[in-house]
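Residue numbers (our numbering): 1449 to 1565.
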């Protein structure tokens, strides 16, 4: 499944997402929240506060997370997902970030599907 290029959260959708989402990963670098997909295309929200770094750093981590998320098709296609980036996540090398996100999403995909059945 391909992601639509302009699928992003508006304010109302983001508020609804955070009411329905469950945190599946709590890590020193980031938290991952998932909710059932509300639209035809899965959506990704990357939250970076100003306290985590300057605009260049925040935009870099957003681009990295989006690239990793788009590669993780099995889980991401049935859920909307949010990454809440913490200060420790801003300094992770890309390879380590890929490994953490892939491991987190794959280890929790079975638990989520079993919980919903």
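Beta carbons are placed, not taken as given, at the ideal position from N, Cα and C, and that holds for glycine. Keep in mind the model is a prediction, meaning the values are calculated, not measured.
(message) Classify residue 1463: buried if its beta carbon has 16 or more other beta carbons within 10 angstroms, exposed otherwise.
(response) exposed
(message) With the cut-off set at 7 Å, would you say residue 1553 and residue 1520 are in Cβ contact?
(response) yes
(message) My output table needs one value for residue 1499: the three-state DSSP class, helix, strand or coil.
(response) helix
(message) Can you find the residues in the same chain that come closer than 7 Å, C-beta to C-beta, to residue 1496, ignoring five residues on each side of it along the sequence?
(response) 1506, 1509, 1510 and 1533
(message) Using only CA atoms, which one of 1482, 1468 and 1542 lies nearest to residue 1474?
(response) Measuring from the Cα of residue 1474, the nearest candidate turns out to be 1482.
(request) Determine the extent of the alpha helix (DSSP H) in which residue 1467 is found, giving its start and end residues. (result) Run containing residue 1467: 1459-1468, per the alpha helix (DSSP H) assignment.
(request) Report the three-state DSSP secondary structure of residue 1508 (helix, strand or coil). (result) helix
(message) Within 10 Å of its beta-carbon, does residue 1547 have 16 or more other beta-carbons around it, so buried, or fewer, so exposed?
(response) exposed
(message) Rounding to the nearest angstrom, what Cα-Cα distance links residue 1499 and residue 1535 in this structure?
(response) 7 Å
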